[in-house]
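Enquirer: Let me begin by handing over the structure; questions about it come next.
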Amino acid sequence: MNQDEVESAYFRRTSRWKLIILLLILALIVTVIVSLNVGYAPIPFPNILAILAKQIPFLNNFVDSSLALPRDSAIILQIRLPRIIAGIVVGAALSSSGVVYQGVFKNPMADSYLLGVSSGAAVGASLSLLLGAGFSLFGLGLVQVAAFFGALFAMFLVYNIARVGPKVPITMLLLCGLAVNFFMYSIVSLLEVIAGDTLHSIVFWLIGGFSNVLWSQIWAVLPFIIVGTIAAYFYVRDLNLLALGEETAHNLGVNVEKVKTRLLVFASMVAAAAVSLSGLIGFVGLMVPHITRLVIGPDHRILFPASIITGAIFLVVCDAVARVIATPFASTLELPVGIITMLAGAPFFVILLKKKKQSYAL
Amino acid sequence: MRYERLVPSLVLLNVDGVECRYGSFKVLENVSLSVKEGDFVGILGPNGSGKTTLLKSISRSLKPYKGTILLNEADIYSLKGIDVARQMAVVPQDTTIGFSFSALDIVLMGRNPHMSRFQMESEKDLAIARKAMELTNTWHLSERPINELSGGERQRVIIARALAQEPKILLLDEPMTHLDIINQLEIMDLVKNLCVNEKLIVLAVFHDLNLAARYCTSAVLLKNGKIFSAGSLDEVLTSENIKSVFRVNAIVKKHLVTNSLFVLPLSPQKTSPAKKCSIHLICGAGTGTALMKILLDEGYSVTAGVLNVLDTDFETAQFLKIPVTTEAPFSPITEKTQKANLAMMRKASTIVLTSVPFGHGNLQNLRASIEALEMGIPVFVVDEVPIESRDFTNGTATALFAELKRKGAVFVKDQNELLSLLNVSEEKMRLAKEAPTRIFNHLKPGRSHEESDITFKPEKAAGGTEK
Numbered sequence: 000m001n002q003d004e005v006e007s008a009y010f011r012r013t014s015r016w017k018l019i020i021l022l023l024i025l026a027l028i029v030t031v032i033v034s035l036n037v038g039y040a041p042i043p044f045p046n047i048l049a050i051l052a053k054q055i056p057f058l059n060n061f062v063d064s065s066l067a068l069p070r071d072s073a074i075i076l077q078i079r080l081p082r083i084i085a086g087i088v089v090g091a092a093l094s095s096s097g098v099v100y101q102g103v104f105k106n107p108m109a110d111s112y113l114l115g116v117s118s119g120a121a122v123g124a125s126l127s128l129l130l131g132a133g134f135s136l137f138g139l140g141l142v143q144v145a146a147f148f149g150a151l152f153a154m155f156l157v158y159n160i161a162r163v164g165p166k167v168p169i170t171m172l173l174l175c176g177l178a179v180n181f182f183m184y185s186i187v188s189l190l191e192v193i194a195g196d197t198l199h200s201i202v203f204w205l206i207g208g209f210s211n212v213l214w215s216q217i218w219a220v221l222p223f224i225i226v227g228t229i230a231a232y233f234y235v236r237d238l239n240l241l242a243l244g245e246e247t248a249h250n251l252g253v254n255v256e257k258v259k260t261r262l263l264v265f266a267s268m269v270a271a272a273a274v275s276l277s278g279l280i281g282f283v284g285l286m287v288p289h290i291t292r293l294v295i296g297p298d299h300r301i302l303f304p305a306s307i308i309t310g311a312i313f314l315v316v317c318d319a320v321a322r323v324i325a326t327p328f329a330s331t332l333e334l335p336v337g338i339i340t341m342l343a344g345a346p347f348f349v350i351l352l353k354k355k356k357q358s359y360a361l
Numbered sequence: 000m001r002y003e004r005l006v007p008s009l010v011l012l013n014v015d016g017v018e019c020r021y022g023s024f025k026v027l028e029n030v031s032l033s034v035k036e037g038d039f040v041g042i043l044g045p046n047g048s049g050k051t052t053l054l055k056s057i058s059r060s061l062k063p064y065k066g067t068i069l070l071n072e073a074d075i076y077s078l079k080g081i082d083v084a085r086q087m088a089v090v091p092q093d094t095t096i097g098f099s100f101s102a103l104d105i106v107l108m109g110r111n112p113h114m115s116r117f118q119m120e121s122e123k124d125l126a127i128a129r130k131a132m133e134l135t136n137t138w139h140l141s142e143r144p145i146n147e148l149s150g151g152e153r154q155r156v157i158i159a160r161a162l163a164q165e166p167k168i169l170l171l172d173e174p175m176t177h178l179d180i181i182n183q184l185e186i187m188d189l190v191k192n193l194c195v196n197e198k199l200i201v202l203a204v205f206h207d208l209n210l211a212a213r214y215c216t217s218a219v220l221l222k223n224g225k226i227f228s229a230g231s232l233d234e235v236l237t238s239e240n241i242k243s244v245f246r247v248n249a250i251v252k253k254h255l256v257t258n259s260l261f262v263l264p265l266s267p268q269k270t271s272p273a274k275k276c277s278i279h280l281i282c283g284a285g286t287g288t289a290l291m292k293i294l295l296d297e298g299y300s301v302t303a304g305v306l307n308v309l310d311t312d313f314e315t316a317q318f319l320k321i322p323v324t325t326e327a328p329f330s331p332i333t334e335k336t337q338k339a340n341l342a343m344m345r346k347a348s349t350i351v352l353t354s355v356p357f358g359h360g361n362l363q364n365l366r367a368s369i370e371a372l373e374m375g376i377p378v379f380v381v382d383e384v385p386i387e388s389r390d391f392t393n394g395t396a397t398a399l400f401a402e403l404k405r406k407g408a409v410f411v412k413d414q415n416e417l418l419s420l421l422n423v424s425e426e427k428m429r430l431a432k433e434a435p436t437r438i439f440n441h442l443k444p445g446r447s448h449e450e451s452d453i454t455f456k457p458e459k460a461a462g463g464t465e466k
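Protein chains in written order, with numbering that gives the first Met the number 0: chain A, 0 to 361; chain P, 0 to 466.
If you want it as structure tokens, here you go:
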């Protein structure tokens, strides 16, 4: 390739990025529609489209009402769609916080749960399940609220233990995160031991899933996720610079401590909100950013949005699989999506890693 | 500091009374310097002397405990990071990069201080990055992932990134660590050119004093966090300063080809126990230089002569503070000097004759050796080059050599053999001291070491030892 081709290839990159985002959005829409079709009650695609179109002002006048039966509408809009939207929201949230964590920690093995978010949420959720979950706040059950604040509390704990004067060294954060996670999980284990009848619901919550998700729960967590993600997006170029090392980022004009703190707060808030909605869905925050980076490169300006959409697609697909995979054996059995993400993700991840390992430095 | 009065105007970077601490440990103390456009300042000093800390405090990474750092009269710690980054670029020691960005991506990141938050790189940014990469000879690597480049290639990419920042001040922290010689010279030439043509300020930490001597316009020598010496290279790079800061003896001279100073460090003095034996060297034209240092290191006391002033061996002897009988430059040895030399030789317990070429000027030295033998002082002849090929006296020297042999001089083939034999005689001296009656038996000239009761036996006895 001659020299000018390198330059023009560089500028074509921007349009390539736009194309990637466009294709991913299309893929997400297709995934959603296909996923709406998946389930115990058979509802054909024309009916699904009619039911969806009926919800949209102006478009609803052109819909053939015979296709949008009330029973089907209820299944689609009140049962399947909330699950799918929840999948999108949680998948996007875990991936966006995963990208941020991996960028800040300069480590592709970091994930959304690194700073105690998961263990804190687990303690909050288990505790509230044990005490009984009657209370609700803004449409959220006590379990959700407790998980959210448990997560934020754990993160706050990790951050403050790790702080050395005005600075928060990365290795300290990692180690304190580990310590707090171990501590919190031992509390969860303790709660499990004394749980008795509620053990089943605690275990189910810990695996993570979307059964019985309500619209109100989604609306309650959505603002945190949207605000946190958009705020983190302001710092995508700083994330690139942080990959050069904190000292170099500093020398290139990044206010390292400020940016690092803000990014970690945003990402943890997003992860906490996601966890409070779905329980602990593992592997998404680690793997989706990782896979996306292997495919499209490390530039956070594209990696961040692309990972978000990929995460949404990934979790919607996993949830659809979770809904149907056990049906041949027992029509009412539903696997928690957390099991599927692990089962599907791990081998795929290993294959990608092996294939591209020569261009990948840990 | 002395440094300040050199540069009365155009001051751009001003470090004033800076003290840096890690915790309560003082790493830098009262460091002041002023640097102006076009200065290339080498920051020198041993490990742990505060060089990197000084760079860190200048690059706004480590706020000084005391003192100020002014960039065009503004305190850099009151400026915004991005404003400093527009004027100052840093090439760090550690260049590991987290993810596999392409080399071009890395260089373009140098444009960050000049871009607003959501701006994409413009054609101008790319042109600047390309120029920086062409200057550092890395444009052909632009699409390669940075993690796949060799250490030297990566270093050059990092330097290109610093240049893409379009800085007025360039800080280099041991920039040459990963580079081979040709890359070192190319990069330093480039930096020097920028320094001269673009009026860049360059502050660079060097471990290699010669590289510093070759490119810097001035230098700061740090010792234990304080400025030991600062100013022009001639003032800073003296063998006295190097001795007191690095604890190493070094020869500092102007190099004939580069016309810059060059520093030749000598390995630290070995701590061999002092030996009783004193050795007089008959040498010249550089044949004794290496031997002087070795013999001193071995613990012998050494004298030399007759040497002409300005002879290489004379200069070495001066440097090593060896007593020498001297003759005027390029002059034959006079009667008077010969006497002085013989007096000096009489005090020596052994004479060593190197493979020096003989002309009519220094033939007297050969005669002196014979006289020494006659006086009963053992003579060792390092016979590395056949006498015929270094005899410029139409055979006189060769004849005298034969006489030396006849009278019992010990011929050795090289320095190593000489040292072994000297050790043997040293041992004999020691034994002799314990049993005074044996002294003459054992040190009697002409008596071969093979007959002695010491169990040293060289593989091949030097030619002509036996008589």
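Ideal Cβ positions, reconstructed from N, Cα and C, are used throughout, including at glycine.
1) Here's the rule: buried if 16 or more other CB atoms are within 10 angstroms of the residue's CB, otherwise exposed. What is A/ASP237?
2) Kindly list the residues whose CB is nearer than 7 Å to the CB of A/GLY38, restricted to its own chain and excluding five residues on each side of it in sequence; keep chain order.
3) For P/SER217, which of helix, strand or coil comes out of DSSP?
4) Are the C-beta of A/PRO107 and some C-beta of chain D separated by less than 9 Å?
5) State the Cα-Cα distance for the pair P/GLY49 and P/GLY151, rounded to the nearest angstrom.
6) Roughly how many angstroms separate the alpha carbons of A/ARG292 and A/GLY195, rounded to a whole number?
7) P/PHE410 by DSSP, collapsed to three states: which one?
8) Kindly list, in the order they appear in chain P, the residues whose Cβ is closer than 9 Å to that of A/TYR39.
9) If I measure Cβ to Cβ from P/PRO63 and keep anything under 7 Å in the same chain, skipping five residues before and after, which residues do I get?
10) On the three-state DSSP scale, how would you describe P/GLU334?
11) Just the chain P side, please: which residues come within less than 7 Å of A/PRO288 by C-beta, in chain order?
12) Three Cβ pairs or more, each shorter than 8 Å: is that satisfied between the region 72 to 88 of chain P and the region 275 to 286 of chain A?
13) Output the boundary residues of the alpha helix (DSSP H) element that contains A/GLY102.
14) For A/VAL258, tell me which candidate among A/LEU213, A/GLY102, A/VAL316, A/ILE28 has the shortest Cα-Cα distance.
15) Drop a sphere of 10 angstroms on the beta-carbon of P/ASP38, count the other beta-carbons inside from all chains shown, and report buried for 16 or more, exposed for fewer.
16) Taking the alpha-carbon positions, what's the A/VAL29 to A/ILE229 distance?
17) Which of the three DSSP states, helix, strand or coil, is assigned to P/CYS282?
18) Reducing DSSP to helix, strand and coil, say where P/ASP15 ends up.
19) Kindly indicate the opening and closing residues of the alpha helix (DSSP H) around P/SER388.
20) Would a check of beta-carbon distances place P/GLN164 closer than 9 Å to chain A?
21) Does P/ASN415 come out as helix, strand or coil in the three-state DSSP assignment?
22) Could you give the DSSP three-state label for P/ASN467: helix, strand or coil?
23) Kindly indicate which residue of A/VAL142, A/GLU245, A/PRO346, A/LEU172 has the alpha-carbon position closest to the one of A/PHE203.
24) Let me see if you follow: with CB-CB separation under 9 Å, is A/LEU251 close to chain P or not?
25) Hey, is the region 119 to 131 of chain A in contact with the region 261 to 280 of chain A, meaning 3+ C-beta pairs nearer than 8 Å?
26) Measure the alpha-carbon distance for A/LEU262 versus A/ALA231 and round it to whole angstroms.
27) A/PHE313 lies in the alpha helix (DSSP H); which residues open and close that run?
28) Along the alpha helix (DSSP H) that carries P/VAL247, what are the first and last residues, could you check?
29) Would P/VAL468 count as contacting chain A if we go by Cβ distances under 9 Å?
30) So that I know if they touch, is there some Cβ in chain A lying closer than 9 Å to that of P/LEU134?
31) So which residues of chain A does P/PHE24 contact, with C-beta pairs closer than 8 Å?
32) In terms of residues, what are the limits of the alpha helix (DSSP H) holding P/THR325?
33) Would you tell me roughly how many angstroms separate the C-alpha atoms of A/ILE169 and A/GLU256, rounded to the nearest one?
34) Under 9 Å, Cβ to Cβ, is there at least one residue of chain P near A/TYR9?
35) Note down, in chain order, each residue of its chain lying with its Cβ closer than 7 Å to the Cβ of P/PRO112, except the 5 sequence neighbours on either side.
36) Would you check if the region 255 to 262 of chain P and the region 344 to 351 of chain P touch, i.e. whether three or more CB-CB distances between them fall below 8 Å?
Expert: Concretely, from the data shown:
1) buried
2) ARG79, ARG322
3) strand
4) Judged by its chain identifiers, the structure shown contains no chain D, and its protein chains are A and P.
5) 26 Å
6) 44 Å
7) strand
8) Here the premise fails: no neighbours, minimum Cβ distance about 44 Å.
9) VAL17, GLU18, CYS19, SER56
10) helix
11) Within chain P, no residue comes near A/PRO288; the closest Cβ sits about 11 Å away, beyond 7 Å.
12) no
13) 80 to 103
14) A/GLY102
15) buried
16) 25 Å
17) coil
18) strand
19) Note, P/SER388: premise wrong, no alpha helix (DSSP H); not H, not E.
20) yes
21) helix
22) Past the edges of chain P, shown from 0 to 466, lies residue 467 of chain P, and the structure says nothing about it.
23) A/VAL142
24) yes
25) yes
26) 6 Å
27) 299 to 323
28) P/VAL247 -> no alpha helix (DSSP H), and no H or E assigned at all.
29) Beyond the ends of chain P as shown, which are 0 and 466, falls residue 468 of chain P; an answer cannot be given.
30) no
31) Here the premise fails: no neighbours, minimum Cβ distance about 15 Å.
32) That residue, P/THR325, is in no alpha helix (DSSP H); its beta strand (DSSP E) goes 323 to 326.
33) 11 Å
34) yes
35) ILE81, ALA84, ARG85, GLN164
36) no
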